């Protein structure tokens with residue numbers, strides 16, 4: 296498989312994920328697995344409620360989306376941008392330089408800090424989990 300077809304395939308996969316979310320947002324039932332960490336331990340993982348946040352984003356309900364998970368709206372935008380750039384336009388993503396890796400590390404650290412904040416709210420301060 297050539298590099299060109301590989302990155303185009305990645306773009307189409309992200310568009311497929313976005314299309315599946317859009318179908319789910321329109322009420323089409325999809326068999327999505329639940330969170331294994333939450334099922335086994337009762338503790339939500341860092342990405343728990345992210346799918347519902349993305350669905351609320353696709354419904355145009357930004358308030359609910361942000362209440363469910365702060366990273367939902369950026370996820371929808373990122374999937375759309377990635378799919379358009381790579382899948383439709385066939386343009387490869389630029390190679391990650393040190394600043395790109397720092398950005399990915401910052402996003403990962405932000406997700407981790409957001410998770411710790413949410414766990415503190417839910418289990419220490421008794422703020423209810425999203426329904």
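Residue numbers (my numbering): 296 to 426.
Glycine residues also receive a C-beta, built at the ideal position from the N, C-alpha and C atoms.
None of the values given here were measured: they were computed from a predicted structure.
_For residue 371, report the span of its alpha helix (DSSP H) as first-last._
367 to 377
*asked:* Can you look up residue 364 in the DSSP assignment and give me helix, strand or coil?
replied: coil
*Expressed to the nearest angstrom, what Euclidean distance is found between the alpha-carbon atoms of residue 321 and residue 354?*
8 Å
*Nearest to residue 404 by CA position, among 420, 366, 425, is which residue?*
366
*Can the beta-carbon of residue 395 be found closer than 9 Å to that of residue 310?*
no
*From what residue to what residue does the alpha helix (DSSP H) around residue 331 run?*
331 to 336
*Going by CA-CA distance only, name the one from 334, 351, 340, 378 that's closest to residue 414.*
340
*As assigned by DSSP and simplified to three states, the class of residue 428*: Absent from the model: residue 428. The displayed extent of the chain is 296 to 426, so no value can be given.
*asked:* On the DSSP letters alone, give me the boundaries of the alpha helix (DSSP H) that residue 323 sits inside.
replied: That residue, residue 323, is in no alpha helix (DSSP H); it is neither H nor E in DSSP.
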